[in-house]
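Only one structure is covered here, and it is reproduced in the block below.
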Amino acid sequence: MSFDRLWTRVFGSFAAVLVLILGAAAWIGEVRIRSFHQAEVETRLETAADLIAEPAAEALARTEASPEYVQHIVELGRATGLRLTIVRADGVVLADSESPLPLANHADRPEIQDALRTGRGVEERKSATTGHATHYFARRVSRTDGTTTRVLGCVRAAAELSQMERALSTLHQSLVAGSLLALGLGLVASAVLARRLARPLESMAAQARAFAAGELDRRIAPRGPAETRQLAGTLNAMAESLAGRVQSERAARAELETILASMAEGVVAVDADERILLMNQAAASLLGLPAPLATGSALWQTLRFPELERELRAVLEQRIARHVDAPSPAGGGRMLALSIAPVAADERESSGADEPIEGQAGPRAGVVLLSDVTTVRRLDQMRVDFVANVSHELRTPLSAVMGALETLSDPEQDEQARARFLELAMRNAARLKAIVNDLLDLSTLEAQEGELPLEDLSIAEPFRSAAAALAGAAQKKGVKLEVQAQFDRATMVRGHAQRLEQCFTNLIANAIQYTPSGGRVSTAVRTTPTDVFVEVEDTGIGIPAAALPRIFERFYRVDRGRARDTGGTGLGLALVKHIVLAHGGQVDVTSEEGRGSTFTVRLPRRTSA
Numbered sequence: 000m001s002f003d004r005l006w007t008r009v010f011g012s013f014a015a016v017l018v019l020i021l022g023a024a025a026w027i028g029e030v031r032i033r034s035f036h037q038a039e040v041e042t043r044l045e046t047a048a049d050l051i052a053e054p055a056a057e058a059l060a061r062t063e064a065s066p067e068y069v070q071h072i073v074e075l076g077r078a079t080g081l082r083l084t085i086v087r088a089d090g091v092v093l094a095d096s097e098s099p100l101p102l103a104n105h106a107d108r109p110e111i112q113d114a115l116r117t118g119r120g121v122e123e124r125k126s127a128t129t130g131h132a133t134h135y136f137a138r139r140v141s142r143t144d145g146t147t148t149r150v151l152g153c154v155r156a157a158a159e160l161s162q163m164e165r166a167l168s169t170l171h172q173s174l175v176a177g178s179l180l181a182l183g184l185g186l187v188a189s190a191v192l193a194r195r196l197a198r199p200l201e202s203m204a205a206q207a208r209a210f211a212a213g214e215l216d217r218r219i220a221p222r223g224p225a226e227t228r229q230l231a232g233t234l235n236a237m238a239e240s241l242a243g244r245v246q247s248e249r250a251a252r253a254e255l256e257t258i259l260a261s262m263a264e265g266v267v268a269v270d271a272d273e274r275i276l277l278m279n280q281a282a283a284s285l286l287g288l289p290a291p292l293a294t295g296s297a298l299w300q301t302l303r304f305p306e307l308e309r310e311l312r313a314v315l316e317q318r319i320a321r322h323v324d325a326p327s328p329a330g331g332g333r334m335l336a337l338s339i340a341p342v343a344a345d346e347r348e349s350s351g352a353d354e355p356i357e358g359q360a361g362p363r364a365g366v367v368l369l370s371d372v373t374t375v376r377r378l379d380q381m382r383v384d385f386v387a388n389v390s391h392e393l394r395t396p397l398s399a400v401m402g403a404l405e406t407l408s409d410p411e412q413d414e415q416a417r418a419r420f421l422e423l424a425m426r427n428a429a430r431l432k433a434i435v436n437d438l439l440d441l442s443t444l445e446a447q448e449g450e451l452p453l454e455d456l457s458i459a460e461p462f463r464s465a466a467a468a469l470a471g472a473a474q475k476k477g478v479k480l481e482v483q484a485q486f487d488r489a490t491m492v493r494g495h496a497q498r499l500e501q502c503f504t505n506l507i508a509n510a511i512q513y514t515p516s517g518g519r520v521s522t523a524v525r526t527t528p529t530d531v532f533v534e535v536e537d538t539g540i541g542i543p544a545a546a547l548p549r550i551f552e553r554f555y556r557v558d559r560g561r562a563r564d565t566g567g568t569g570l571g572l573a574l575v576k577h578i579v580l581a582h583g584g585q586v587d588v589t590s591e592e593g594r595g596s597t598f599t600v601r602l603p604r605r606t607s608a
């Protein structure tokens, strides 16, 4: 291959650059991923050591660990996948999650020495016990008595590095294979590109002088090598096509206008005086205009949109693109995303930089892209609200459980106090489990939207099961539970028995929960030629009118403190709504505060073929 030819030089340059880029990318990627894995392992070890440090202080203070505590360390190490070790200040091992005691004295371990001296120690070596490459993290455990601080020993967490090495080895192989494939494809593409670049350029200098002088009526004879003949033909065709340039420009403009007219996004172009250069129909609709404004008309004589006016003028003055959201002037609660960019006066001013260039004139135009982002912003807000609600609902029972466990860890507590706090921890743990189960049910229903397996069944089966399951709860609370229903073929629906039972159980349980002793909960089933209605009516505390529109939202509760005391998760009615919607039905509620509520589930009736 001769490097005297243009295409071979271009190909060689492309190939060299491609090899350097791929090699550097592979090396940097492997280094960064290895560093990330090591940092992640150390963070896990440090977290584990911090968590067991305080409980370990008790065992270190006694200079020996009870069999129960040793078993606890073993179970904790199995659960976390880490090796956990409790070491006295003199190096004696009190507990280890992987190896049976006694173990060799650990006073000579570097991480133990560093931890006793500085408070923390990190080491990576082959374990003398397991024989595997292991990353260690040790933390000093001390106890302060008055003004004296006594070092009790260390807690150590360790993780084998074999898994990380296997992952990095697989990644290395993938990087090598991917780099070789990319190199091969890049070389092929470089060769093709180099030839295409070289062919028109090799004779361009000698053949283009006449066209540079404006002699467009001349024609170049196709002589010489193939590159020259091809360039001659191209230049001759170019000269012949110049006569039709104006017509081509008009066609291109018409095509552009067609594209803009078919866009869902609105496009508005204005000059430096904020007069219309172009506006498509989508922009007129989003701005609440009956039709696009005519070219040359003043934008603000017809449109009242302060946010757009302010941002557009800032772009024209500062020559910096801006992106904001603003309520649509068309109303209806719609939110518009405005992307406004300046258009330079000529190509010399179009540098592509975000910052203004000193000495340049201002832009001669600005382009506004409008998009309806109402649904997107609403979904973003729903996501933020959902995360906030989940965090809020989980934090309270978690705090209660942690507080109870801290109290239980105090050896000075009497048995009555221990029993009380153990019951508190169990009750809040059960609440956490209920919240998680309800969230999983909601997630399952959303994932099965439109695909819930339905079958022909009588509404009697899930309805009676729900009522029978809650009869004892109603009797225990002193609430009279009435079932007013007669079932026949008219109550057949297309449904999922388990989900329908869950729906009715939630409604009846909710009614019992918010009905005081001596009250009544009535359930009834009635049919129409097209639907089956299930009604759950109670004489409870009722729901304020202002809360009715939000009653089926996740975690929404009228009285949060009371609902939490009774064990509610705030997800029951949300589950009811999703289950009913999955059956093609509808759920409604009517209520009067202080007099009770009535929930009505409407399901499509299954008619015989």
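Sequential numbering of the sequence shown, starting at 0, is according to numbering that gives the first Met the number 0.
For every residue, glycine included, the Cβ atom is placed at its ideal position computed from N, Cα and C.
{"Asked": "Around the Cβ of A15, are there at least 16 other Cβ atoms within 10 angstroms (buried) or fewer (exposed)?", "Found": "exposed"}
{"Asked": "Among D95, L184, R149 and E97, which residue has its Cα nearest to the Cα of L17?", "Found": "L184"}
{"Asked": "Distance check for L572 and K309, CA to CA, integer angstroms please.", "Found": "Residue identity differs from the one stated: residue 309 is Arg in this sequence, not Lys. Rounded to the nearest angstrom, the two C-alpha atoms are 45 Å apart."}
{"Asked": "Under DSSP, the alpha helix (DSSP H) around T504 begins and ends at which residues?", "Found": "A496 to Q512"}
{"Asked": "Give me, in chain order, the residues of the same chain whose beta-carbon lies closer than 6 Å to that of G593; leave out the 5 immediate sequence neighbours on both sides.", "Found": "G541"}
{"Asked": "Given that a residue counts as buried once 16 or more other Cβ atoms are within 10 Å of its Cβ, and exposed if not, what is F35?", "Found": "exposed"}
{"Asked": "Should the segment 474 to 483 be called in touch with the segment 509 to 529, which here means at least 3 C-beta pairs below 8 Å?", "Found": "yes"}
{"Asked": "Relative to the C-alpha of E450, which residue among A581, P341 and V175 is closest?", "Found": "A581"}
{"Asked": "Contact between the segment 254 to 262 and the segment 296 to 303 is defined here as three or more beta-carbon pairs at a separation below 8 Å; is this criterion met?", "Found": "no"}
{"Asked": "Return the first residue and the last residue of the beta strand (DSSP E) that H131 is part of.", "Found": "That residue, H131, is in no beta strand (DSSP E); it is neither H nor E in DSSP."}
{"Asked": "Between L337 and the rest of its own chain, which residues show a CB-CB distance below 8 Å, the 5 nearest in sequence each way excluded?", "Found": "E306, L307, E310, R321, H322, V323, D324, A325, V367, L368 and L369"}
{"Asked": "If you follow the beta strand (DSSP E) that T301 is part of, which residue opens it and which one closes it?", "Found": "Run containing T301: none in the beta strand (DSSP E); it sits in the alpha helix (DSSP H), L298 to T301."}
{"Asked": "Am I right that A399 and L423 are in contact with their C-beta atoms under 8 Å? What's the rounded C-beta distance?", "Found": "6 Å"}
{"Asked": "Less than 8 Å separating the beta-carbons of G118 and R149?", "Found": "no"}
{"Asked": "When DSSP labels each residue in this structure, what does R553 get in the three-state scheme?", "Found": "coil"}
{"Asked": "What do you get for K576, buried or exposed, if any count of 16 or more other CB atoms within 10 angstroms of its CB means buried?", "Found": "buried"}
{"Asked": "Run through DSSP, which three-state label would P461 get?", "Found": "helix"}
{"Asked": "Closest by CA to L469, which one among L506, L277 and L456?", "Found": "L506"}
{"Asked": "Can you tell me which of P603, E264 and G232 puts its alpha carbon nearest to the alpha carbon of T527?", "Found": "P603"}
{"Asked": "Tell me the DSSP secondary structure of E454 in three-state form.", "Found": "strand"}
{"Asked": "Nearest to V645 by alpha carbon, out of A156, A88, M425 and G494?", "Found": "Because residue 645 is not part of the residues shown, which for the chain are 0 to 608, the question remains open."}
{"Asked": "Within the same chain, show all residues whose beta-carbon is closer than 6 Å to that of A48, passing over the 5 residues directly before and after it, in chain order.", "Found": "F136, R138, V154 and A156"}
{"Asked": "So with Cβ pairs under 8 Å, would you call L547 a contact of chain C?", "Found": "Protein chain content of the structure displayed is limited to a single chain, and chain C is not contained in it."}
{"Asked": "Let me know the secondary structure DSSP gives P66 once reduced to three states.", "Found": "helix"}
{"Asked": "Per DSSP, which one or two residues make a beta bridge with E479?", "Found": "As written in the sequence, residue 479 is Lys, which differs from the Glu given in the question. Paired residues: R519."}
{"Asked": "Can you check DSSP and say which residues form a bridge with L368?", "Found": "V266 and S338"}
{"Asked": "Helix, strand or coil, according to DSSP, for T294 in the structure here?", "Found": "coil"}
{"Asked": "Going by DSSP, name the residue or residues bridged to Q585.", "Found": "R601"}
{"Asked": "From the DSSP output, in three-state form, read off S408 for me.", "Found": "coil"}
{"Asked": "With a cut-off of 8 Å, do at least 3 Cβ pairs link the segment 281 to 289 to the segment 263 to 272?", "Found": "yes"}
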